[in-house]
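Engineer:
Number of protein chains: 2
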Amino acid sequence: MMSAAVAAPNLARFASAESQEGVLRVSGRTPLTYGGDINDLQIAWRLTGVADGPVVAALGGISAHRVVFSENGLQGWWDRLVGPGRALDSSRFRVLGIDYPGGSGLSTGPQPGDPFPSLSTYDQAHALAHVLDHLDIRSLHAIVGASYGGMVALAFGERFGTRVARLLTIGAADVTHPLATAWRSVQRHIVRRALARGDGAEGLELARALAMASYRSAEEFAGRFRQPPARDANGVFRFPVEDYLFARGADYATRYRPEAFLALSESIDLHAIDATRVRAPTTVVAFRQDQLVPVTDLRALAARLPAGRLVELDSICGHDSFLKDAAQLAPVFASTLENDP
Amino acid sequence: MMSAAVAAPNLARFASAESQEGVLRVSGRTPLTYGGDINDLQIAWRLTGVADGPVVAALGGISAHRVVFSENGLQGWWDRLVGPGRALDSSRFRVLGIDYPGGSGLSTGPQPGDPFPSLSTYDQAHALAHVLDHLDIRSLHAIVGASYGGMVALAFGERFGTRVARLLTIGAADVTHPLATAWRSVQRHIVRRALARGDGAEGLELARALAMASYRSAEEFAGRFRQPPARDANGVFRFPVEDYLFARGADYATRYRPEAFLALSESIDLHAIDATRVRAPTTVVAFRQDQLVPVTDLRALAARLPAGRLVELDSICGHDSFLKDAAQLAPVFASTLENDP
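Written as structure tokens, this is what we have:
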């Protein structure tokens with residue numbers, strides 16, 4: 130199998146002295162875990178931060194992408210935790226990001242009307258390994274992964290034990306919880322049926338509105354949305370929380386592809402790795418208010434890991450705490466990234 | 130305002146020696162809490178159990194109806210708790226049930242294509258009071274209400290303090306929680322948009338599938354649905370929990386009207402009563418695993434009630450425990466129904 134970097138149409142090859150981007154093409158057929166394959170798989174990557182620092186891959190939820198923190202006019206998705214002087218300090222570490230295959234970025238993803246093969250988190254781990262090969266990175270200092278990115282980190286740890294020295298996962302278990310699968314399977318039905326009607330964006334708006342109701346905690350919603358409803362122009366009552374969910378849903382639908390949402394949402398629910406085979410020291414961060422990944426599942430994961438360490442935190446931001454709660458996460462990042470395993 | 134009993138088309142006036150049914154018509158305009166009115170409001174009721182027993186109204190969720198327990202070939206909705214020898218013993222008490230106005234039963238409800246005015250739980254309480262007037266019941270021995278029925282019980286307790294001696298509410302607060310409103314507002318968007326496309330039943334199937342994910346607890350889903358997914362005939366992965374949700378959703382869509390679902394779902398979210406004005410002794414039952422009605426809200430309700438008693442229970446059935454957990458509820462029914470307030 131041959132690899133070659135190709136420049137994507139709208140992509141500056143070197144965005145600054147310290148940033149590199151590219152789209153790696155894996156020539157030929159890349160077989161997938163659940164059958165099928167992808168021809169000439171493309172994987173968009175971005176490497177930034179201090180030039181000679183230890184390399185840390187930072188992977189987020191299914192809406193995350195290769196721009197981990199904002200710089201050079203690009204909008205990052207993890208600015209509270211990653212960047213110069215932040216918990217993952219780009220002035221000390223080199224930060225690697227990717228666009229997930231199957232997603233809405235520049236990596237190979239579903240095309241409208243074209244069903245995409247089912248993707249495993251193992252497939253994402255292999256994509257990351259291809260990027261490491263291409264960049265001549267023998268071993269990562271760490272993978273810091275949250276939500277879907279934490280699942281990919283665990284899959285990578287199982288499959289490529291010699292290529293990462295430590296893992297830090299947040300809000301990610303070894304197996305998906307059936308209640309979370311319940312919420313997501315409804316979201317996928319909404320999107321699939323909307324696509325079948327030719328109105329995928331409307332389906333994605335609804336599905337994202339529903340997803341937003343699972344990302345925070347009951348406590349946070351109670352604090353923000355206790356005001357009474359008001360009638361809209363048609364005389365229909367609108368609840369404050371409803372306005373919030375649908376504003377976020379509508380915005381999301383302008384930025385993401387429904388088919389890509391389907392592919393990565395399914396990939397979350399297919400996730401099931403063998404934690405006993407993850408050799409790298411792994412810090413498992415659990416937020417007790419996470420509705421999607423119950424703390425009990427993360428206690429079980431930490432117990433199954435050969436070198437697991439559990440950190441339990443409280444935050445009203447629930448599953449979204451990995452994006453919000455820099456104050457509590459910073460010391461966990463420090464203790465994980467600085468220590469010699 | 131005049132009241133008159135009228136026989137509904139398919140309704141036996143006296144189903145047995147001990148059962149009475151009827152449809153009460155409230156002639157003229159019945160004004161509603163949020164504006165608008167209903168002309169010639171009809172309220173279907175059923176009175177059964179021992180002929181001269183103290184009368185207990187039993188009110189359930191938005192899908193409940195006037196047949197509280199199964200008898201004479203009619204299917205009841207609360208068989209585990211109500212009936213001969215059960216926790217609410219129909220051989221000792223007279224049991225009153227109603228079809229909620231706005232719902233899918235024989236009471237006045239929305240007609241296809243005809244927007245129904247917003248309904249308050251106070252409006253349901255007034256409907257119940259009309260039935261009591263019609264049946265010459267000056268005061269109820271108790272209202273036992275769960276979910277939406279518990280909200281109606283509280284609204285009745287506030288408005289008709291002299292007409293009920295005690296309340297027993299299960300999984301019902303004085304104000305709806307914004308996270309539950311979030312789940313339900315997505316359900317209503319699904320149904321409204323489906324109705325606008327002329328496919329209300331499909332929307333109701335999806336909305337009910339989503340609702341099912343909120344009725345039980347994470348623990349219960351984890352115990353039942355951990356099996357891996359299987360591919361369907363089209364090669365698409367189907368998860369066990371997904372099969373469950375959509376089987377229940379499809380069944381529901383054959384039995385209920387989408388417009389009625391909209392009316393009563395909205396009524397839940399509009400619910401907000403003043404607990405400090407509920408004079409009747411009230412037993413508030415909270416299941417700690419209830420995803421829709423957090424135990425913290427029920428502790429606050431019990432504290433606000435002038436004569437509130439809180440009973441906290443654990444059950445993996447979550448919000449649905451009122452239908453399932455007869456073992457734990459029976460002693461609470463006994464202590465509430467037997468004691469002299």
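These protein sequences, in sequence, are chains A and B.
With positions in the first sequence counted from 1, the corresponding number in my numbering is that position plus 129.
With positions in the second sequence counted from 1, the corresponding number in my numbering is that position plus 129.
By construction, the Cβ of each residue, glycine as well, lies at the ideal position given by its N, Cα and C atoms.
Predicted, not measured: the structure shown is a model, and the values here were computed from it.
1) Should Gln149(B) be labelled buried (16 or more other beta-carbon atoms within 10 Å of its own) or exposed?
2) Per the contact definition of three or more C-beta pairs closer than 8 Å, is the segment 273 to 284 of chain A in contact with the segment 391 to 400 of chain A?
3) Any chance the segment 255 to 275 of chain B sits against the segment 421 to 438 of chain B, with 3 or more Cβ pairs inside 8 Å?
4) Does Ser450(B) pass the burial test, meaning 16 or more other C-beta atoms within 10 Å, or should it be called exposed?
5) Can you tell me where the alpha helix (DSSP H) with Trp174(A) in it begins and where it stops?
6) Tell me whether Glu441(B) is buried or exposed, calling it buried when 16 or more other Cβ atoms sit within 10 Å of its Cβ.
7) What residues from chain A crowd round Thr310(B), counting only those whose CB sits closer than 9 Å?
8) Assign Ser394(A) to one of two classes, buried (16 or more other C-beta atoms within 10 Å of its C-beta) or exposed (fewer than that).
9) Can you give me the C-alpha to C-alpha distance between His255(B) and Gly226(B), rounded to a whole angstrom?
10) Restricting to Cα atoms, I'd like to know which of Asp166(B), Leu161(B), Leu170(B) and Tyr163(B) is closest to Val155(B).
11) At what residue ranges does the segment 208 to 293 of chain B contain a whole run of the alpha helix (DSSP H), taking only runs of 4 or more?
12) How should Ala463(A) be labelled, buried or exposed, when 16 other C-beta atoms within 10 angstroms of its C-beta is the threshold for buried?
13) Determine, for Glu395(B), whether the minimum Cβ-Cβ distance to residues of chain A falls below 8 Å.
14) Report the option in Pro358(A), Tyr373(A) and Leu269(A) whose CA atom is closest to the CA atom of Phe366(A).
15) Drop a sphere of 10 angstroms on the beta-carbon of Gln505(A), count the other beta-carbons inside from all chains shown, and report buried for 16 or more, exposed for fewer.
16) Got a sec: is the Cβ-Cβ distance from Leu335(B) to anything in chain A below 8 Å?
17) So who's on the other strand from Glu200(A), going by DSSP bridges?
18) Quick one: using the 10 Å Cβ neighbour count with 16 as the cut-off for buried, is Gly437(A) buried or exposed?
19) If you scan the segment 293 to 376 of chain A from start to end, which runs of the alpha helix (DSSP H) of 4 or more residues do you find wholly inside it?
20) What does Ser450(B) reach in chain A if we use C-beta pairs closer than 8 Å?
21) In terms of DSSP beta bridges, what is Thr411(A) paired with?
22) Output needed for Gly205(B): all residues of its chain with C-beta closer than 8 Å, excluding positions within five of it in sequence on either side, in chain order.
23) Using a Cβ cut-off of 9 Å, which residues of the segment 414 to 426 of chain B contact any Cβ in chain A, in chain order?
24) Is the CB of Leu324(B) under 8 Å away from at least one CB in chain A?
25) In the DSSP assignment, the beta strand (DSSP E) including Leu153(A) goes from what residue to what residue?
26) For the beta strand (DSSP E) containing Glu188(B), list its first residue and its last residue.
27) Count the other C-beta atoms from every protein chain shown that fall within 10 angstroms of the C-beta of Gln240(B), then say buried if there are 16 or more, exposed otherwise.
28) Taking just the CA atoms, how far does Arg175(A) sit from Pro246(B)?
29) Take Val413(A) as the anchor and find which of Leu283(A), Asp265(A) and Asp181(A) has the nearest alpha-carbon.
30) In the structure shown, what three-state DSSP assignment does Ala459(B) receive?
31) Below 8 Å on C-beta distance, what does Ile319(B) contact in chain A?
32) I want to see whether chain A comes within less than 8 Å of Pro307(B), judged by CB atoms only; does it?
33) Pull up the CB-CB distance for Gly231(A) and Gly238(A), whole angstroms please, since I reckon it's below 8 Å.
34) CA-CA distance, Glu349(B) and Leu421(A)?
35) Measuring CA to CA, which of Leu161(B), Arg267(B) and His306(B) is closest to Phe289(B)?
36) If I'm right that Leu434(A) touches His318(B) with Cβ under 8 Å, what's the distance once you round it to whole angstroms?
Structural biologist: The answer reads as follows:
1) buried
2) yes
3) no
4) buried
5) Trp174(A) -> not in any alpha helix (DSSP H); beta strand (DSSP E) instead, spanning Asp166 to Gly178.
6) exposed
7) Phe350, Phe354, Pro358, Phe368, Pro369, Val370 and Glu371
8) buried
9) 14 Å
10) Leu170(B)
11) 250 to 263 and 277 to 288
12) exposed
13) yes
14) Pro358(A)
15) Any question about residue 505(A) goes unanswered here, given that chain A covers just 130 to 470.
16) yes
17) Leu203(A)
18) buried
19) 307 to 325, 329 to 344 and 347 to 353
20) Per Cβ cutoff of 8 Å: no residues; Ser450(B) is ~16 Å from chain A at best.
21) Leu296(A) and Gly437(A)
22) Val196, Val197, Phe198, Ser199, Val211 and Gly212
23) Gln420, Pro423, Thr425 and Asp426
24) no
25) Gln149 to Pro160
26) In the sequence on display, residue 188(B) carries Leu and not Glu. Leu188(B) -> beta strand (DSSP E) spans Val184 to Leu188.
27) exposed
28) 55 Å
29) Leu283(A)
30) helix
31) Ile319 and Leu335
32) yes
33) 6 Å
34) 14 Å
35) Arg267(B)
36) Between His318(B) and Leu434(A) the Cβ distance is about 41 Å, and since that is not below 8 Å, they are no contact.
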